[in-house]
DNA sequence: GTGGTCTAGACCACC
DNA sequence: GTGGTCTAGACCACG
C-alpha cells in the first residue's frame, strides 16, 4: 500500500511532524476511509526511509487523537470518528494557520485591505497557478 | 523605556522567537524609528521576566539581519535601513504566514471559497471585533 | 453449539484474554457442566470471527488450568473439577478485580466512604439498571 | 526533589505505565500542586533506575493529557487544570476499576450481596488493616 | 543545565 | 507476520 506522503529533508520541521500533518490530512479529508488498514510500521518506515521509531510515534500520536486504532498482532487502522468530529479536525489546523497570518499582518500594522490583497494573491497562486 | 512586547507562556513557540518577531515588527513598521536607543539587555530581560541569554540572542539575531546596531559601551540602536529593504522585511513574514495557511487548506482539500470564508471571518474578528 | 461470548473490538484487552475470561466464567459458574463438549477450534474461531490460533491458545490455557480436557480426535470437554476448586476459581477473578479497584481508590486518596459510594452506584447500575 | 513512586519489577505492567499511574495520581489528588517543577527527565530516570526514554514517555503522555507542561530549556511543570477537570481525572480511573470488578462478578453470576461482601472485605483490609 | 529529535537494535506479546 | 516495551547513545535547540 502506498501513501502520498512527502518528506522535506531541508525543512526545519521535525520528521515525525511532517508525516503526522500529512497523514492526519489524509484521514480527516476522507482520502483514507474509516477502517482502512495502514501499512505496518516497518513498511512505512522503509517507504519513507526513516526509523521505525519515528513512524511508531506518528501512529501513536494519531491514535491518542482518536484518528487511528492499533491492535497488537493485527495492524493499524483508520478509526471510526463522528462526522462532526472529523470536520472539526479538518478545519482546526486551517483556522489556526489563518489566524496566525492575520495576527502577523496586524503586528506590522497592515490595513485590512493590504492583508486581504496578499491573501488573494496567495489564493490565486495556489488554486489557479 | 517601555516596549509593547507580550510573552505567551502557553505558546509552544520559543521565548526568543516570540520576542524577536514582535521587536522586528516594531522596527520594520516604523514604530521604532531609526537611531532609537533600545533598553539594555539586562533591562529588557527584567522587563520581560526572562533570561539575559534570551534577550542577547534576540539582539544578536536582529543585528545580523541589519535591523539593529550595537556600539561598544553605548548600547543598541535601531539601524539605518533603506525604505525598500524595510518594506520587504515588513511584508515577508505576512506573506509567508499567509502562504502557510493556504497550504494547510489545500492539504485537507478545502475549496477556494471555503478557505476564503475562513479568512474573511478571521479578518473581521481581528479588525472589527 | 452456541456460547454467550462477546468480543469488544474497542477494548485494549487482547482477544485471547477476553475469550478466556468469559469461557472460564461459563465453566466455573456451572453454566457449562462437567463433560460438556465444546465447539471445535475451527467452529469457535468462525463463530467469534477470530483466528484459529487465538482459540487454540484459549483452549490450551484453560486445559493447563485443569478446566478443560482435550481427547485426541474427539474434541474438547469441560473437565471434572472438585467443587472446592471450582469455587476458588469462581471468586478469584472477582476478588482480584475488587482489590484493584480499592487500590486505585487509595492511590488518589479516596476516603472509604467515597469509594464505597462509587461502588454502590456501580452495583445499582449493573443489577437494577 | 523526591517523588513517592514505587516500581514493581515483577509486575507484568509496563514500566512506563506504572510510573504514569502513580505520577498522575499525585497530580490529580493535589499532592503535587499546580506550577510545581518536576525533576528533570535525567534526574527522575536516575532516581527510578530506568532509561531516560521511559521517563520522557511518561512526561509526554501526561502533557498530552494536559496535566503537565514542558518548556525546552526550562523543565517540566504541573499544569494549570480546572478543578472540575481535575476531579474528573481523579475519579475516572477508580470508577473504571470498580466497574470492571462488578462486571467480573456478574460474569460468574455473583449475587449483589455476594459481591458486596467481597468488596466490604477488601475495603476493611485496605483501610483498617 | 533543560527538553526534543532521531537513530539502531533487542526482546516480548499477539494473531 | 503484526505492534509494544525498553535500552543506549548521539546530536540539536532553548535558557
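Residue numbers (this note's numbering), protein chains in the order written: chain A, 109 to 237; chain B, 109 to 237; chain C, 109 to 237; chain D, 109 to 237.
Note that CB positions come from ideal geometry on N, CA and C, so glycine has one too.
From the options, residue whose alpha carbon lies closest to that of residue i
{"i": "residue 224 (chain D)", "options": "C:214, C:182 and C:207", "result": "C:207"}
{"i": "residue 214 (chain B)", "options": "A:136, A:116 and A:117", "result": "A:136"}
{"i": "residue 120 (chain C)", "options": "A:169, A:149 and A:177", "result": "A:177"}
{"i": "residue 226 (chain B)", "options": "A:125, A:200, A:229 and A:218", "result": "A:200"}
{"i": "residue 221 (chain B)", "options": "A:123, A:228 and A:183", "result": "A:228"}
{"i": "residue 184 (chain B)", "options": "B:164, B:198, B:194 and B:191", "result": "B:164"}
{"i": "residue 193 (chain D)", "options": "D:237, D:234 and D:138", "result": "D:138"}
{"i": "residue 182 (chain B)", "options": "B:237, B:115, B:116 and B:149", "result": "B:149"}
For residue j and residue i, the rounded distance between their alpha carbons
{"i": "residue 210 (chain C)", "j": "residue 203 (chain C)", "result": "11 Å"}
{"i": "residue 161 (chain A)", "j": "residue 111 (chain A)", "result": "18 Å"}
{"i": "residue 157 (chain B)", "j": "residue 147 (chain D)", "result": "23 Å"}
{"i": "residue 153 (chain D)", "j": "residue 205 (chain D)", "result": "29 Å"}
{"i": "residue 113 (chain B)", "j": "residue 191 (chain A)", "result": "41 Å"}
{"i": "residue 216 (chain B)", "j": "residue 172 (chain A)", "result": "20 Å"}
{"i": "residue 175 (chain D)", "j": "residue 126 (chain A)", "result": "26 Å"}
{"i": "residue 155 (chain B)", "j": "residue 235 (chain D)", "result": "53 Å"}
{"i": "residue 231 (chain D)", "j": "residue 142 (chain D)", "result": "31 Å"}
{"i": "residue 237 (chain D)", "j": "residue 124 (chain D)", "result": "30 Å"}
{"i": "residue 116 (chain B)", "j": "residue 130 (chain B)", "result": "12 Å"}
{"i": "residue 109 (chain D)", "j": "residue 151 (chain D)", "result": "9 Å"}
{"i": "residue 134 (chain D)", "j": "residue 168 (chain A)", "result": "25 Å"}
{"i": "residue 198 (chain D)", "j": "residue 233 (chain C)", "result": "21 Å"}
{"i": "residue 159 (chain C)", "j": "residue 212 (chain A)", "result": "56 Å"}
{"i": "residue 140 (chain A)", "j": "residue 140 (chain D)", "result": "42 Å"}
Near the ligand GDP: residue i beta-carbon under 8 Å from a heavy atom
{"i": "residue 185 (chain D)", "result": "No copy of the ligand GDP occurs in the structure displayed, which carries no ligand at all."}
Chain B contact residues for residue i, given Cβ-Cβ distances below 8 Å
{"i": "residue 168 (chain D)", "result": "Near residue 168 (chain D) there are no residues of chain B at all, since even the closest Cβ is about 13 Å away, more than 8 Å."}
{"i": "residue 223 (chain A)", "result": "202, 206 and 231"}
Where residue i meets chain D, residues with beta-carbon distance less than 8 Å
{"i": "residue 203 (chain C)", "result": "226 and 230"}
Contact set between residue i and chain D, taken where Cβ atoms lie within less than 9 Å
{"i": "residue 115 (chain C)", "result": "Going along chain D, no residue has its Cβ under 9 Å from residue 115 (chain C), so there is no contact; the nearest lies around 14 Å."}
{"i": "residue 122 (chain B)", "result": "179, 180 and 181"}
Supposed close pair residue i, residue j - CB separation, criterion 8 Å
{"i": "residue 170 (chain D)", "j": "residue 132 (chain D)", "result": "6 Å"}
{"i": "residue 186 (chain B)", "j": "residue 219 (chain B)", "result": "That belief does not hold up - the Cβ atoms of residue 186 (chain B) and residue 219 (chain B) are roughly 44 Å apart, past 8 Å."}
{"i": "residue 128 (chain D)", "j": "residue 166 (chain D)", "result": "5 Å"}
{"i": "residue 122 (chain C)", "j": "residue 118 (chain A)", "result": "Not quite, the Cβ-Cβ distance comes to about 43 Å (not below 8 Å), so this is no contact."}
Chain-ordered chain B contacts of residue i [CB-CB under 7 Å]
{"i": "residue 133 (chain A)", "result": "215 and 216"}
{"i": "residue 137 (chain A)", "result": "216 and 217"}
Amino acids of chain A, ordered along the chain, whose beta-carbon sits closer than 7 Å to that of residue i
{"i": "residue 235 (chain B)", "result": "220"}
Within chain A, the residues that residue i reaches when beta carbons sit closer than 9 Å
{"i": "residue 130 (chain B)", "result": "215"}
Give me the subset of the stretch 192-221 of chain D whose CB atoms are less than 9 Å from a CB atom of chain C, sorted by chain position.
If the cut-off is 9 Å between Cβ atoms, the stretch 192-221 of chain D has 197, 198, 199, 201, 202, 203, 204, 205, 206, 207, 208, 209, 210, 211, 212, 213, 214, 215, 216, 217, 218, 219 and 220 near chain C.
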